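K.L.:
To convert, count from 1 in the sequence shown and add 106; that's the numbering used here. The beta carbon of each residue, even a glycine, is placed where N, CA and C say it ideally should be. The structure displayed is predicted, hence computed values, not measured ones. Sharing a structure below in structure tokens format, with a few things to ask.
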Amino acid sequence: MEETLFSNNVKRPLADRMRPTKLEEVVGQNHIVGADAPLGRMIKSGKINSFILWGPPGCGKTTIARLIAEYTNLYFEQISAVFSGVADLKRVFQYAEERRKNQGKGTLLFVDEIHRFNKSQQDGFLPYVENGTVILVGATTENPSFELNSALLSRCQVFVLNRLNTDDFEELLQRAEKFENKKLPIDDEARDFIKEIADGDGRYILNIAENIWSYAKEGEIFNKEQILKIIRSRAPIYDKGRDGHYNLISAVHKSLRGSDVDAALYWAARMLIAGEDPRYLLRRLLRFSIEDVSLADPNAVNQAISCIETYERLGSPEGELAVMQLVAYLATAPKSAGVYKAMDKAYAAAKRTGSLMPPKHILNAPTKLMKNLGYHEGYIYDQDLEDGFSGQNYFPDDMKREKFYYPVERGFEREIKKRIEYFDKLRAEKQAKMKKEN
Numbered sequence: 107m108e109e110t111l112f113s114n115n116v117k118r119p120l121a122d123r124m125r126p127t128k129l130e131e132v133v134g135q136n137h138i139v140g141a142d143a144p145l146g147r148m149i150k151s152g153k154i155n156s157f158i159l160w161g162p163p164g165c166g167k168t169t170i171a172r173l174i175a176e177y178t179n180l181y182f183e184q185i186s187a188v189f190s191g192v193a194d195l196k197r198v199f200q201y202a203e204e205r206r207k208n209q210g211k212g213t214l215l216f217v218d219e220i221h222r223f224n225k226s227q228q229d230g231f232l233p234y235v236e237n238g239t240v241i242l243v244g245a246t247t248e249n250p251s252f253e254l255n256s257a258l259l260s261r262c263q264v265f266v267l268n269r270l271n272t273d274d275f276e277e278l279l280q281r282a283e284k285f286e287n288k289k290l291p292i293d294d295e296a297r298d299f300i301k302e303i304a305d306g307d308g309r310y311i312l313n314i315a316e317n318i319w320s321y322a323k324e325g326e327i328f329n330k331e332q333i334l335k336i337i338r339s340r341a342p343i344y345d346k347g348r349d350g351h352y353n354l355i356s357a358v359h360k361s362l363r364g365s366d367v368d369a370a371l372y373w374a375a376r377m378l379i380a381g382e383d384p385r386y387l388l389r390r391l392l393r394f395s396i397e398d399v400s401l402a403d404p405n406a407v408n409q410a411i412s413c414i415e416t417y418e419r420l421g422s423p424e425g426e427l428a429v430m431q432l433v434a435y436l437a438t439a440p441k442s443a444g445v446y447k448a449m450d451k452a453y454a455a456a457k458r459t460g461s462l463m464p465p466k467h468i469l470n471a472p473t474k475l476m477k478n479l480g481y482h483e484g485y486i487y488d489q490d491l492e493d494g495f496s497g498q499n500y501f502p503d504d505m506k507r508e509k510f511y512y513p514v515e516r517g518f519e520r521e522i523k524k525r526i527e528y529f530d531k532l533r534a535e536k537q538a539k540m541k542k543e544n
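Below is the structure:
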């Protein structure tokens with residue numbers, strides 16, 4: 107067993123000591139590195155092009171980049187966008203040019219957290235990627251479509267790496283046990299538990315395993331409760347300003363729209379325990395109450411406003427119950443996009459016919475001139491009629507009547523639909539009668 111030590115006589119972490127030495131040893135990414143997969147074929151051809159590795163922490167991005175450099179005999183240069191600036195990039199490009207000129211050796215430049223570079227810094231890569239000075243391999247946990255320049259993306263293929271699953275974790279644990287030549291001293295429930303809290307991160311589960319071995323006494327077997335005491339609770343992978351934020355709020359929204367109360371509660375909980383501001387979630391829920399529930403349940407918006415006020419009075423953590431109450435209410439409420447669609451249609455009609463005046467009979471006539479022009483002439487006050495409905499035209503005279511709002515047969519909109527149908531029928535009858543009289 108390898109016992110390589112740091113200069114200060116501290117053993118290297120297990121995850122580093124177990125780093126794969128062949129692509130086929132990379133766990134969970136066979137769709138990328140397999141013999142018939144894109145990177146596998148690229149290596150076979152001997153022609154490596156620049157590419158971006160997009161995936162969650164601990165899925166093998168750095169390892170894959172290192173191995174490709176070894177397979178292709180390229181000089182491996184690694185920098186992190188978190189700690190590097192323009193001066194560092196200039197130095198890297200200068201050395202790469204000299205290496206290519208004097209030694210005939212290419213450079214594989216691995217840039218970790220490449221999305222941390224701003225747009226102008228990303229532009230700095232373009233000439234060196236184009237002329238082949240460097241083969242760029244960028245690693246990112248964020249969606250490249252949003253975080254990387256389109257010019258840079260057009261020169262790089264994007265490979266999406268998988269989040270490691272339970273089977274991948276079991277393979278890693280078995281490898282670790284073989285590497286250390288001893289079984290992990292935990293029961294089956296604890297073994298399943300550490301796979302769960304690793305949350306897709308292979309490096310993290312190997313760190314857990316190393317901690318367990320360091321704590322265990324001879325013959326001791328840890329259960330789930332003991333594991334909890336050994337390790338700290340892991341913070342979920344979530345960045346409020348980046349991709350994780352938008353993915354989770356999208357999951358909340360889609361679960362609500364699909365009337366899956368349990369899924370909606372789960373995603374909302376994921377956001378809250380990760381540190382999301384409850385006010386943000388409440389604003390999105392208020393929007394949902396009028397966009398997706400709307401008049402199918404007119405009380406939804408009142409419920410949303412009440413829960414917002416409740417949170418403001420209580421604060422966290424007590425007020426977070428109001429957030430979850432609103433999630434449950436909206437998930438189980440009937441849904442309708444009738445008003446939302448009607449708004450789009452009304453906006454389109456308004457833009458198309460925006461120069462048309464209202465019919466004169468519905469305009470007020472506060473001056474003699476306006477009366478002489480026919481303003482307010484023939485207007486009927488609906489409440490004066492027995493049925494409270496005149497059936498007069500309220501669209502511009504030169505515009506054909508259009509229908510924008512189509513209520514659904516769900517919730518309160520079912521009743522609204524009946525009312526609209528009643529008014530439509532009554533309007534047709536009254537207009538037919540007026541036409542006959544004229």
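If I'm right that ALA370 touches VAL433 with Cβ under 8 Å, what's the distance once you round it to whole angstroms?
P.N.:
The Cβ separation is near 5 Å, so the contact holds.
K.L.:
Using only the alpha-carbon positions, how far apart do TYR546 and PRO163 sit?
P.N.:
Coverage of the chain is limited to positions 107 through 544, which leaves residue 546 absent and any answer about it impossible.
K.L.:
Can you name, in chain order, every residue of its own chain whose Cβ lies under 6 Å from the Cβ of GLN409, other than the five neighbours on each side?
P.N.:
If we look at GLN409 and ignore the five residues flanking it on each side, its Cβ neighbours are TYR435.
K.L.:
Is DSSP giving ILE396 helix, strand or coil here?
P.N.:
If DSSP states are grouped into helix, strand and coil, ILE396 belongs with the helices.
K.L.:
Please work out which residues of its chain come closer than 8 Å, Cβ to Cβ, to ASP515, disregarding the five sequence neighbours upstream and downstream, and give them in chain order.
P.N.:
According to the sequence displayed, residue 515 carries Glu and not Asp. Hits under 8 Å: LYS523.
K.L.:
Do the CB positions of LEU401 and VAL445 come within less than 8 Å of each other?
P.N.:
Cβ atoms of LEU401 and VAL445: closer than 8 Å.
K.L.:
Within the continuous beta strand (DSSP E) that includes GLU183, where are the two ends?
P.N.:
Note, GLU183: beta strand (DSSP E), 181–186.
K.L.:
Span of the alpha helix (DSSP H) holding GLN537?
P.N.:
Per DSSP, GLN537 belongs to the alpha helix (DSSP H) from 519–543.
K.L.:
DSSP three-state call for PHE215: helix, strand or coil?
P.N.:
Looking at the sequence itself, residue 215 is Leu, so the reference to Phe does not match. In this structure, LEU215 counts as strand in the three-state DSSP scheme.
K.L.:
Comparing C-alpha positions only, which one of LEU420, ASP403, SER412 and LEU427 sits nearest to LEU378?
P.N.:
Answer by Cα proximity: LEU427.
K.L.:
Distance, Cα to Cα, PRO472 vs TYR485?
P.N.:
The straight-line gap from Cα to Cα measures roughly 14 Å.
K.L.:
Ends of the alpha helix (DSSP H) at LEU334?
P.N.:
Run containing LEU334: 330–336, per the alpha helix (DSSP H) assignment.
K.L.:
Going straight from the alpha carbon of ASP403 to that of ILE396, what length do you get?
P.N.:
Between ASP403 and ILE396, the C-alpha separation is close to 9 Å.
K.L.:
Just mark VAL192 as buried or exposed, buried being the case when its beta carbon has 16 or more other beta carbons within 10 Å.
P.N.:
Exposed.
K.L.:
Taking buried to mean at least 16 other C-beta atoms within 10 Å of its own C-beta, is THR127 buried or exposed?
P.N.:
Exposed is the call here.
K.L.:
By DSSP, does ALA437 sit in helix, in strand, or in coil?
P.N.:
Three-state DSSP puts ALA437 in a helix.
K.L.:
If you draw a straight line from the alpha carbon of PHE216 to that of LYS288, how long is it in whole angstroms?
P.N.:
Roughly 35 Å between the two C-alpha positions.
K.L.:
Count the CB pairs spanning the stretch 222–234 and the stretch 147–154 that are closer than 8 Å, and state whether there are at least three.
P.N.:
Short answer: they don't touch.
K.L.:
Ends of the alpha helix (DSSP H) at GLN409?
P.N.:
Start and end: 405–420.
K.L.:
Tell me which residue opens and which closes the beta strand (DSSP E) that ILE241 is part of.
P.N.:
Taken as a continuous stretch (DSSP letters only), the beta strand (DSSP E) holding ILE241 covers 240–246.
K.L.:
If the criterion is Cβ atoms closer than 8 Å, does the pair VAL235 and SER186 meet it?
P.N.:
No.
K.L.:
May I ask you to report which of helix, strand or coil DSSP gives ARG118?
P.N.:
DSSP places ARG118 in coil when its eight states are reduced to three.
K.L.:
Use the C-beta contact count for ALA245: other C-beta atoms within 10 angstroms, 16 or more gives buried, fewer gives exposed.
P.N.:
Its Cβ being crowded by 16 or more others within 10 Å, ALA245 is buried.
K.L.:
Pull up the DSSP beta-bridge partners for GLN263, would you.
P.N.:
GLN263 pairs with PHE157.
K.L.:
Excluding the 5 residues preceding and the 5 following ALA439 in the sequence, name in chain order all residues of the same chain whose CB lies nearer than 6 Å to its CB.
P.N.:
Hits under 6 Å: VAL399, ASP403 and ALA406.
K.L.:
Which partner residues of ILE292 appear in the DSSP bridge assignment?
P.N.:
Answer by DSSP bridge pairing, in chain order: PHE328.
K.L.:
Counting only beta-carbon separations shorter than 8 Å, does LYS536 have a partner in chain B?
P.N.:
The structure shown contains no chain B; it holds only a single protein chain.
K.L.:
Our contact map puts MET124 next to ARG281 with C-beta atoms below 8 Å; I'd like the distance itself, whole angstroms only.
P.N.:
About 7 Å separates the two Cβ atoms, so the contact holds.
K.L.:
Suppose the cutoff is 6 Å on Cβ atoms and the five residues either side in sequence are ignored; what does the same chain contact list for ASP307 look like?
P.N.:
Closer than 6 Å at the Cβ level, and outside the excluded window around ASP307, lie PRO163 and GLY164.
K.L.:
What is the DSSP secondary structure of THR473, reduced to helix, strand or coil?
P.N.:
Here THR473 sits in coil by DSSP.
K.L.:
Anyone know if the C-beta pair for HIS482 and ASN499 falls short of 8 Å?
P.N.:
Not in contact: HIS482 and ASN499 (Cβ atoms no closer than 8 Å).
K.L.:
Which of helix, strand or coil does DSSP assign to THR168?
P.N.:
THR168 falls in the helix class under three-state DSSP.
K.L.:
So, does the stretch 268–281 touch the stretch 304–318, judging by three or more C-beta pairs under 8 Å?
P.N.:
Counting Cβ pairs under 8 Å, three or more are found: they touch.
K.L.:
Is the stretch 453–464 in contact with the stretch 494–511, if contact means three or more CB pairs nearer than 8 Å?
P.N.:
A contact exists between the stretch 453–464 and the stretch 494–511.
K.L.:
Check this for me: beta carbons of SER365 and LYS447, under 8 Å apart or not?
P.N.:
Not a contact, by the Cβ cut-off of 8 Å.
K.L.:
Less than 8 Å between the CB atoms is what I'm expecting for PHE231 and LEU242, so what's the real figure, rounded?
P.N.:
Yes, PHE231 and LEU242 are in contact; Cβ-Cβ is about 6 Å, under 8 Å.
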